[in-house]
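S.K.: Please read through the structure below; I'll follow up with questions.
Number of protein chains: 4
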Amino acid sequence: MSRQLTPRGKQRRAQLIAFATHEFAEKGYHLTSVADIVDGLGVGKGVFYWYFSSKEELFVEIMRTSQRGMRRRQQEAISAVDDPVKRIELGIRAGVLWLAEHNDLRKLFEFARTEATFRDAMRKGQEVLVSDAQIHLEEAIQLGHLPDRDPEALALAIIGVSNQLTNVYIDSRGEDPEVVADLVVSFCRDGIGVTVRG
Amino acid sequence: MSRQLTPRGKQRRAQLIAFATHEFAEKGYHLTSVADIVDGLGVGKGVFYWYFSSKEELFVEIMRTSQRGMRRRQQEAISAVDDPVKRIELGIRAGVLWLAEHNDLRKLFEFARTEATFRDAMRKGQEVLVSDAQIHLEEAIQLGHLPDRDPEALALAIIGVSNQLTNVYIDSRGEDPEVVADLVVSFCRDGIGVTVRG
Amino acid sequence: MSRQLTPRGKQRRAQLIAFATHEFAEKGYHLTSVADIVDGLGVGKGVFYWYFSSKEELFVEIMRTSQRGMRRRQQEAISAVDDPVKRIELGIRAGVLWLAEHNDLRKLFEFARTEATFRDAMRKGQEVLVSDAQIHLEEAIQLGHLPDRDPEALALAIIGVSNQLTNVYIDSRGEDPEVVADLVVSFCRDGIGVTVRG
Amino acid sequence: MSRQLTPRGKQRRAQLIAFATHEFAEKGYHLTSVADIVDGLGVGKGVFYWYFSSKEELFVEIMRTSQRGMRRRQQEAISAVDDPVKRIELGIRAGVLWLAEHNDLRKLFEFARTEATFRDAMRKGQEVLVSDAQIHLEEAIQLGHLPDRDPEALALAIIGVSNQLTNVYIDSRGEDPEVVADLVVSFCRDGIGVTVRG
DNA sequence: AATGAATGAGTCTTCATTCAT
DNA sequence: AATGAATGAAGACTCATTCAT
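Residue numbers (the numbering used here), protein chains in the order written: chain A, 1247 to 1444; chain B, 1247 to 1444; chain C, 1247 to 1444; chain D, 1247 to 1444.
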C-alpha cells in the first residue's frame, strides 16, 4: 500500500493518521471502528481504503512512524555530546518530553504490547531503544563512570521508569513535563549508579 | 451476579476464570470471544452467563481478585519486619515473584490500563499498591535512612521497573524470577537512594 | 399436562398463574421469561415445568380460565332477569366490572389477539361472548323492543365500546368502574336503538 | 438515524418498511426477526442497520408514519364540510376505510398498545385522534345538535366500535369496507345521540 | 416436588471490507 | 479520489427447555 500521492493526497493521509491516532488512544483500537474514523472526518468509507489496505495496516504504520520519530528526537538530543553519562541523561529527558508531547502514542504503545498481532512489531521497536541506550551505558561502564552492571537491564529499567512516571504524572495529572523529566533522571541516575552529581 | 453456588458450581466458576485468564492473556481481551472460552471448556454457551453477567464483568472480576492477591502476597512478605528499607526490598521482591508466577495477569493488567472501560478500576488498584509502598518510604525518610524525595514518585518508579523487567526477562526470556528480583531490587535500592548495603 | 395435584400443589399452580399473569400484563408475554416468573416467586425452574409443559401452555391456560370466568360472571348477572334489553344492559355492566377488576387479563386478551399462536383461541372465546349477547339482542328485536339490525354487529360494537372505555378510563385514569359502566351502557343503549329509558 | 439518502436508498428504506410491516402484522413483532426481514428481501443483514438503528426504531417509525397518515386522511375527508355532525360521520367513515386499507397497521396498533415500550407512543397518537373528534362533538353539542354528554367518552366509544368492527368484518371475513363503515356510522350516530336522520 | 446447572439454537447488532457508480 | 450502499461473518447475550441429583 504505497501509492504515489498528490500533495492533497498526502494531506488526507496525514489527516487520517492524526485522527485515528487520537481515536485509538481515546477509546482503544478495537472500540474505534473504521466508520468512526471516516465519520469523524466527514468523508466516505472509500477514502480510508484508498490510503490504507486495512485498519491493522494503519495501526502498524502509526506505530512504526512514531517509534522512528521518538528515536530521532533522542538522537538529536545527544548528538554532539561526548560524555556518555550526559548522553544517557539527555536521552532520558528527550524520551520523557517526547512521550509527554505524544501522550496518545504512549497509550497506543501500551496497547500494542498486549495484542499478539502487534506484539512483535512493538518488541522490535523497543529493542532498538534499548540497544541505543545500551551503547552509552556500556561506554560509561568501560570508562569507569558507572559500576559494572548488565547494561541491558539498566536500559530496560530506565524505560520502565520513564513510561510509568510519564503515564501517571503527565497523562493523569497534567504535571509539567520538565519536572517529570527531572524526577525520572534523578531516579535513574542513582539507579544506574552515578555517584557524582553532574 | 453473585449467586449462591454449590461446590460443583464454584468449581465451574473457577474453571471459567482460569481458562479465560489464559485466553485473554494469550490473544487479548477483544480477540477472545465468549465462544472461545466455552468451546475451550467443552460446555454450552449458557454456562458462561450462568456464572457471569457479561464478558466485561468476568474481566473486572479477574482484575479485582488478582490485585487483591498480589497485595496479600506483598503484605505477608513484609509482616514482621521492622526496618522500613528492608520492607521495601521485600515488597519489591514479593511483587516481582508474584508477577513472575502470574504472567497472564501481568498482561491483563497492561491491557486493562489501555481501555477506558477498565482504566479506572485499574488505577484504583495501582493506587493501593503505590500508597502501600509510600508508607514505608515515608517512614524510611523520616528515620533518615533515605534522602528526602517525593515518596509517591519513588513508589511509581519502583513499579515501573518491576513491570518492565519482569515483562522482558521473565515473559520473553524465561529468566529465573529470583535473579530478576535481584536486578529490580538492586536498581531500585540505588534509585531511591539507599547508600549502605543491607 | 393435567397431573393429579395435592392441595399444596394446587396452591403452587395458582401462585404461578397469578404471578405470571401479572408479569405478562406488565411487561408483555415475550418480555417475561420463565426465569422472571420463577425468580419472582423464589423457586427453582423445575417447579415451572412440573406444573406446566411450556410457557405457551401456561398462557393459553390463563386465557381459557379467564374467558370462562368472565362469561360466568355475566351469566350470573343476567340469570333471573326476563326483559332481554335489561339482560343486555346487565351483561354489559357485568362485563365492564369484570374487566375493571381484571385489568391484567384485559391486557393479555389484547396481546393474544395480536399473535398468530394465540389468535384462534382468542377468537373462539370472543365468539362465545358475541353469541351470548346476540341471543338477547335477537329476542329484543323479535319482541319489537329494538329496531331490526344485525344483532352480531351490535354485539361486536358493544364489546368494542366496553374494551375501549375500560382501557382508557380504568387502566390509565383509575376512574370508578361503576361510572364507566354507566358510560358504556348509555352509549350502547342508544347505539343499539333503545328509545325508551328503562 | 436520519441519514441523507439517495433515491435508491429511499427506495430500499421504503421496501424494508413495507416488508417489515407485513411480517410484523402476520407473525407479530417478536416472532419476526431482523433476519426474517432481510432474508425475505434477499439482502444482507447490514442493510437493515444501514437504514434503521434497531428493530425497535423501525417499529416506532412505522407507528408514527401510520398514525400521521390516518389522521391526514380523516382531515382531508372533513375539510370543507360545515356541519359538525356530518364531519363526525365523514371522519368515522374515513377512519374505517383507512383501517380497511391498512389492515396490517391496525394489527400493529393493537400490538403496540400491549407492550410497555410502545405504549406511550401509541397513547399519544390515539389522544390526537380523540381530541380531533372531540372538537367536532363539542361543536355539535354547543349547536344543540347532540345531547350534552362527555365528548371525550363519545370519541373513545367511536374509536372502539370502529376498531372492533373493522377487525372482525374486514380482517376475518373480508366484508366490503363501505358496508362496515355504514354499520359503524349507524351505531355511533345513535350512540352519540343523533336523532334526526341526515 | 424441587433445585441448580447446563444446553444450544436463536436474537439483535457490529464492523471490516468490498463494490458500483 | 471519493461516495453511499451492501455484504456477511462474527460477536455478545437470551431463554425455553431439559437433566442430574
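The beta carbon of each residue, even a glycine, is placed where N, CA and C say it ideally should be.
Fair warning: this is a prediction, and the values are worked out from it, not measured in the lab.
Please confirm if Leu1277/A has its CB atom under 9 Å from at least one CB of chain B.
M.R.: Taking the first sequence and counting its residues from 1, the one referred to as residue 1277/A is at position 31. Taking Cβ atoms only, chain B reaches closer than 9 Å to Leu1277/A, which makes this a yes.
S.K.: Going by alpha carbons, who is nearest to Leu1304/B out of Leu1262/B, Val1414/B, His1348/B and Lys1273/B?
M.R.: Here residue 1304/B is taken as the residue at index 58 of the second sequence, counted from 1. Of Leu1262/B, Val1414/B, His1348/B and Lys1273/B, the residue nearest in Cα terms is Leu1262/B.
S.K.: Please classify Val1425/A as buried or exposed, where buried requires at least 16 other C-beta atoms within 10 Å of its C-beta.
M.R.: For the purposes of this step, residue 1425/A is taken as the residue at position 179 of the first sequence. Label assigned to Val1425/A: exposed.
S.K.: In the DSSP assignment, find the unbroken alpha helix (DSSP H) run with Arg1365/D in it and report its ends.
M.R.: Reading the fourth sequence from its first residue, position 119 is the one you call residue 1365/D. Run containing Arg1365/D: Ala1362 to Gln1388, per the alpha helix (DSSP H) assignment.
S.K.: Taking its Cβ as the centre, do 16 or more other Cβ atoms sit within 10 Å of Arg1352/C, making it buried, or is it exposed?
M.R.: As a working mapping, residue 1352/C is identified with position 106 in the third sequence. Classification for Arg1352/C: buried.
S.K.: Taking the alpha carbon of Gln1320/D as the point to measure from, which residue in Gly1255/D, Gly1292/D, Leu1345/D and Glu1307/D has its own alpha carbon closest?
M.R.: As a working mapping, residue 1320/D is identified with position 74 in the fourth sequence. The shortest Cα separation from Gln1320/D among Gly1255/D, Gly1292/D, Leu1345/D and Glu1307/D belongs to Leu1345/D.
S.K.: For Leu1251/A and Met1309/A, what's the separation of their Cα atoms in angstroms?
M.R.: Working through the first sequence from its first residue, we reach residue 1251/A at position 5. Working through the first sequence from its first residue, we reach residue 1309/A at position 63. When rounded, the distance between both Cα atoms is 21 Å.
S.K.: Round the Cβ separation of Ile1283/D and Ala1266/D to the nearest angstrom and send it over; I've been treating them as touching at under 8 Å.
M.R.: Here residue 1283/D refers to the residue found at position 37 of the fourth sequence. Here residue 1266/D refers to the residue found at position 20 of the fourth sequence. So it is a contact: roughly 5 Å between Cβ atoms.
S.K.: Taking the C-alpha atoms as reference points, what is the distance between Glu1322/A and Arg1333/B?
M.R.: To locate residue 1322/A, count along the first sequence from 1; it is residue 76. To locate residue 1333/B, count along the second sequence from 1; it is residue 87. The straight-line gap from Cα to Cα measures roughly 42 Å.
S.K.: Drop a sphere of 10 angstroms on the beta-carbon of Pro1253/C, count the other beta-carbons inside from all chains shown, and report buried for 16 or more, exposed for fewer.
M.R.: If you number the third sequence from 1, residue 1253/C lands on position 7. Classification for Pro1253/C: exposed.
S.K.: Take the Cβ of Glu1361/D as the centre, count every other Cβ of all protein chains shown within 10 Å, and call the residue buried at 16 or more, exposed below.
M.R.: As a working mapping, residue 1361/D is identified with position 115 in the fourth sequence. Glu1361/D comes out buried.
S.K.: So with Cβ pairs under 9 Å, would you call Ile1338/C a contact of chain D?
M.R.: Within the third sequence, residue 1338/C is the residue found at index 92, counting from 1. No, its Cβ sits nowhere closer than 9 Å to a Cβ of chain D.
S.K.: Assign Arg1419/D to one of three DSSP states: helix, strand, or coil.
M.R.: In the fourth sequence, the residue the question calls residue 1419/D occupies position 173. The answer is coil: DSSP assigns Arg1419/D none of H, G, I, E or B.
S.K.: If the criterion is Cβ atoms closer than 9 Å, does the pair Ile1338/B and Val1440/B meet it?
M.R.: The sequence position of residue 1338/B within the second sequence is 92, counting from 1. The sequence position of residue 1440/B within the second sequence is 194, counting from 1. No.
S.K.: Measuring only the C-alpha atoms, how far is Glu1269/D from Val1414/A?
M.R.: Stepping through the fourth sequence from its first residue, residue 1269/D is reached at position 23. Stepping through the first sequence from its first residue, residue 1414/A is reached at position 168. Going by the C-alpha atoms only, they are around 56 Å apart.
S.K.: What does the alpha-carbon distance come out to for the pair Leu1343/C and Val1376/D?
M.R.: Position 97 of the third sequence, counted from the first residue, corresponds to residue 1343/C. Position 130 of the fourth sequence, counted from the first residue, corresponds to residue 1376/D. Whole-angstrom Cα-Cα distance: 24 Å.
S.K.: Hey, is Asp1378/D's beta-carbon within less than 9 Å of any beta-carbon in chain C?
M.R.: Locating residue 1378/D in the fourth sequence gives position 132, counting from the first residue. No, no contact with chain C.
S.K.: Taking Cβ positions only, does Lys1301/A come closer than 9 Å to chain B?
M.R.: In the first sequence, the residue the question calls residue 1301/A occupies position 55. Output row for Lys1301/A: interface = no.
S.K.: Taking 6 Å as the limit between beta carbons, can you name the residues of its chain near Tyr1295/D, skipping five residues before and five after?
M.R.: Residue numbering aside, residue 1295/D sits at position 49 when the fourth sequence is read from its first letter. Counting only Cβ-Cβ distances below 6 Å, and skipping sequence neighbours, we find nothing.
S.K.: Which residue wins for smallest C-alpha separation from Gly1255/D, given the options Ser1279/D, Phe1298/D and Glu1356/D?
M.R.: The residue labelled residue 1255/D in the question sits at position 9 within the fourth sequence. With distances taken between Cα atoms, Gly1255/D lies closest to Phe1298/D.
S.K.: With DSSP run on the structure shown, which of helix, strand or coil describes Arg1443/A?
M.R.: Here residue 1443/A refers to the residue found at position 197 of the first sequence. The pLDDT assigned to Arg1443/A is 46, lower than 50, so where the model puts this residue is not dependable; a value taken from the coordinates is nonetheless given after this. Coil.
S.K.: Could you name the residues of the same chain whose beta carbon sits closer than 7 Å to that of Leu1429/A, not counting the 5 residues immediately before and after it, in chain order?
M.R.: In the first sequence, residue 1429/A corresponds to position 183, counting from 1. Closer than 7 Å at the Cβ level, and outside the excluded window around Leu1429/A, lie Leu1411.
S.K.: Answer with buried or exposed for Asn1318/A, where buried requires no fewer than 16 other C-beta atoms within 10 angstroms of its C-beta.
M.R.: Position 72 of the first sequence, counted from the start, is the residue given in the question as residue 1318/A. The sequence as given places Arg at residue 1318/A; Asn does not occur at that position. Flag for Arg1318/A reads exposed.
S.K.: Within the same chain, show all residues whose beta-carbon is closer than 7 Å to that of Glu1421/A, passing over the 5 residues directly before and after it, in chain order.
M.R.: As a position in the first sequence, residue 1421/A is number 175, starting the count at 1. The residues are Tyr1415.
S.K.: In this structure, how does DSSP classify His1348/B when only helix, strand and coil are distinguished?
M.R.: Mapped onto the second sequence, residue 1348/B falls at position 102. Looking at His1348/B - three-state DSSP - the assignment turns out to be coil, as it is neither helix nor strand.
S.K.: Are Asn1409/A and Gly1406/B closer than 9 Å when you measure CB to CB?
M.R.: Locating residue 1409/A in the first sequence gives position 163, counting from the first residue. Locating residue 1406/B in the second sequence gives position 160, counting from the first residue. Yes. Within cutoff.
S.K.: Under 8 Å by Cβ, that's how I've got Ala1403/A and Phe1357/B pegged, so tell me the actual separation to the nearest angstrom.
M.R.: Sequence index remark: in the first sequence, residue 1403/A carries index 157 (1-based). Sequence index remark: in the second sequence, residue 1357/B carries index 111 (1-based). Actually they are not in contact, since the Cβ atoms of Ala1403/A and Phe1357/B sit about 22 Å apart, beyond 8 Å.
S.K.: From Glu1384/B to Ala1281/A, what does the alpha carbon distance come to, in whole angstroms?
M.R.: Residue 1384/B sits at position 138 when you count from the first residue of the second sequence. Residue 1281/A sits at position 35 when you count from the first residue of the first sequence. So the alpha carbons of these two residues sit roughly 50 Å apart.
S.K.: Distance cutoff 9 Å, beta carbons only. Does Gly1341/A sit that close to anything in chain B?
M.R.: Residue numbering aside, residue 1341/A sits at position 95 when the first sequence is read from its first letter. Judged by the 9 Å Cβ criterion, Gly1341/A is not in contact with chain B.
S.K.: Can you give the beta carbon distance from Gln1313/C to Gly1371/C, rounded, assuming they're within the 8 Å contact cut?
M.R.: Numbered from its first residue, the third sequence carries residue 1313/C at position 67. Numbered from its first residue, the third sequence carries residue 1371/C at position 125. Confirmed, Cβ separation roughly 4 Å.
S.K.: Find the nearest neighbour of Val1493/A within the set Arg1258/A, Gly1315/A and Val1306/A, judged by alpha-carbon distance.
M.R.: Because chain A here runs from 1247 to 1444, residue 1493/A falls outside it and cannot be looked at.
S.K.: Interface residues of chain B around Lys1273/A at Cβ under 9 Å?
M.R.: Counting from 1 along the first sequence, the entry for residue 1273/A is found at position 27. The contacting residues are Glu1361 and Ala1362.
S.K.: Grab the span of the alpha helix (DSSP H) containing Arg1317/D for me, first residue to last.
M.R.: To locate residue 1317/D, count along the fourth sequence from 1; it is residue 71. Lys1301 to Ile1324 is the span of the alpha helix (DSSP H), which, as asked, contains Arg1317/D.
S.K.: Residues in its own chain within less than 6 Å of Lys1291/A by CB, not counting five upstream and five downstream?
M.R.: Walking along the first sequence from the start, residue 1291/A turns up at place 45. Cβ within range, chain order: Val1284.
S.K.: Going by DSSP, what residue range makes up the alpha helix (DSSP H) through His1268/C?
M.R.: The sequence position of residue 1268/C within the third sequence is 22, counting from 1. Per DSSP, His1268/C belongs to the alpha helix (DSSP H) from Pro1253 to Lys1273.
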